[in-house]
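In my numbering, the protein residues as written are 587 to 710. Glycine residues also receive a C-beta, built at the ideal position from the N, C-alpha and C atoms. Working notes, beginning with the structure itself.
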Amino acid sequence: MSVTMTAALLVAQAMTVSPAFETAQLEQKDAAYEQVAAGDARAAIAQLQAELRSEPEDPALLINLGTAYRQTGDLERAAGAYRAAIDSRTRYKLELADGRWVDSRHAARQALSQLEAGGTIALR
Numbered sequence: 587m588s589v590t591m592t593a594a595l596l597v598a599q600a601m602t603v604s605p606a607f608e609t610a611q612l613e614q615k616d617a618a619y620e621q622v623a624a625g626d627a628r629a630a631i632a633q634l635q636a637e638l639r640s641e642p643e644d645p646a647l648l649i650n651l652g653t654a655y656r657q658t659g660d661l662e663r664a665a666g667a668y669r670a671a672i673d674s675r676t677r678y679k680l681e682l683a684d685g686r687w688v689d690s691r692h693a694a695r696q697a698l699s700q701l702e703a704g705g706t707i708a709l710r
């Protein structure tokens with residue numbers, strides 16, 4: 587499913603690599619994807635804030651939180667969430683809407699850049 591929205595940096599899946607085994611694993615993350623994609627930003631924010639209590643540095647959660655804040659017009663909090671994802675010690679690959687996989691820090695930087703430029707981005 588592809589969704590194009592203003593500043594919609596939506597993370598649906600993440601690929602993690604275990605340093606001990608160097609084996610890639612595909613991990614399905616909810617990350618409030620459906621709520622953000624549907625434009626239900628307030629529900630997404632509530633869900634993401636709850637999930638961040640147990641995974642405070644998860645970049646997928648932080649990126650989608652930033653997108654949800656952007657949907658509500660809270661650009662300061664959106665930028666803060668994107669910056670937290672950039673600074674996170676946790677890092678993995680995220681799937682974009684066009685099927686490409688990118689590093690979570692790259693995705694967060696791209697989202698922040700789009701926020702600052704007032705542009706759009708489509709991710710899956």
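Assuming residue i contacts residue j under a Cβ cut-off of 8 Å, what Cβ separation, rounded to an integer in Å, is found between them?
i, j, result
"residue 677", "residue 691", "6 Å"
"residue 680", "residue 687", "7 Å"
With distances taken between CB atoms, is the gap from residue i to residue j smaller than 8 Å?
i, j, result
"residue 617", "residue 647", "yes"
"residue 663", "residue 643", "no"
"residue 658", "residue 627", "yes"
Near residue i, what residues of its chain come up, given a Cβ to Cβ distance below 6 Å and the 5 sequence neighbours on each side ignored?
i, result
"residue 638", "647"
"residue 622", "596, 630, 650, 653, 654"
"residue 668", "652, 694, 697, 698"
Buried or exposed: which applies to residue i, given that a residue is buried once 16 or more other Cβ atoms fall within 10 Å of its Cβ?
i, result
"residue 635", "exposed"
"residue 670", "buried"
Within the same chain, show all residues whose beta-carbon is closer than 8 Å to that of residue i, passing over the 5 residues directly before and after it, in chain order.
i, result
"residue 672", "691, 694, 695, 698"
On the DSSP letters alone, give me the boundaries of the beta strand (DSSP E) that residue i sits inside.
i, result
"residue 689", "687-689"
"residue 681", "679-681"
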